[in-house]
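The structure under discussion appears below in the form of structure tokens.
Numbering (full-length UniProt numbering), first residue to last: 1 to 158.
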């Protein structure tokens, strides 16, 4: 009984992680991801990582985002604006895979990534006093910056 009550303190973080992971997986699933003939035929920059790297990176990032969301949920009234920004950035995140892989719109996906990047920056600036939330978003910002450069390169090359 004591073990269960100990883990109850982490329910918001666990729930946030499961939600972020589930939505991220769903976004990738509906877009048929990187195994498509279209994607294979794209010209890609030399720094394009192998396809297998994306799943573990996104799994870690979605878990970290979920923990950040769980922390924010603990005081919903105080964090109302940050939670709204979190949902907005997640909407941009969710939209990218279908735009890029399903619609084959490298250009619109690039604009989506720019909006995502800017929203993450705004989120982090506003969350700077909540050190754990801020730090959980640092790797995400780095990865989205890399994704933007990669998407921009593919836009230019194709």
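Just so it is clear, CB atoms sit at the ideal spot from N, CA and C, and this is done for glycine as well.
Let me know if residue 156 comes out buried or exposed under the rule of 16 or more other beta-carbons within 10 Å of its beta-carbon. exposed
So, at 8 Å on beta carbons, what are the nonlocal neighbours of residue 121 in its own chain, with the 5 sequence-adjacent residues on each side left out? 141
Could you tell me if residue 37 is buried or exposed, where buried requires 16 or more neighbouring beta carbons within 10 angstroms of its beta carbon? exposed
State the DSSP-derived secondary structure class of residue 75, mapped to helix, strand or coil. coil
For residue 137, report the span of its alpha helix (DSSP H) as first-last. 131 to 157
Which word fits residue 154, buried or exposed, when buried means at least 16 other C-beta atoms lie within 10 angstroms of its C-beta? buried
Identify which residue in 107, 128, 89, 102 has its Cα closest to the Cα of residue 115. 89
Whole-angstrom C-beta distance between residue 151 and residue 103, which should lie under 8 Å: At roughly 14 Å, the Cβ-Cβ gap does not stay under 8 Å, so residue 103 and residue 151 are not in contact.
C-beta contact flag for residue 136 and residue 64 at 8 Å: yes
Can you tell me whether residue 132 is buried or exposed? The criterion is at least 16 other CB atoms within 10 Å of its CB, across all chains shown. exposed
Euclidean distance between Cα positions of residue 139 and residue 61: 7 Å
Own chain, CB closer than 7 Å to residue 147, minus 5 neighbours either side, in chain order: 113
In the DSSP assignment, find the alpha helix (DSSP H) that holds residue 80 and state where it starts and stops. 80 to 97
Report yes if the CB atom of residue 98 is closer than 8 Å to the CB atom of residue 19, and no otherwise. no
Could you check whether residue 126 and residue 175 sit closer than 8 Å to each other, using their CB atoms as the reference points? In this structure the chain extends from 1 to 158, so residue 175 is not present and cannot be described.
Residue 54 versus 28, 79, 78, residue with shortest Cα-Cα distance: 28
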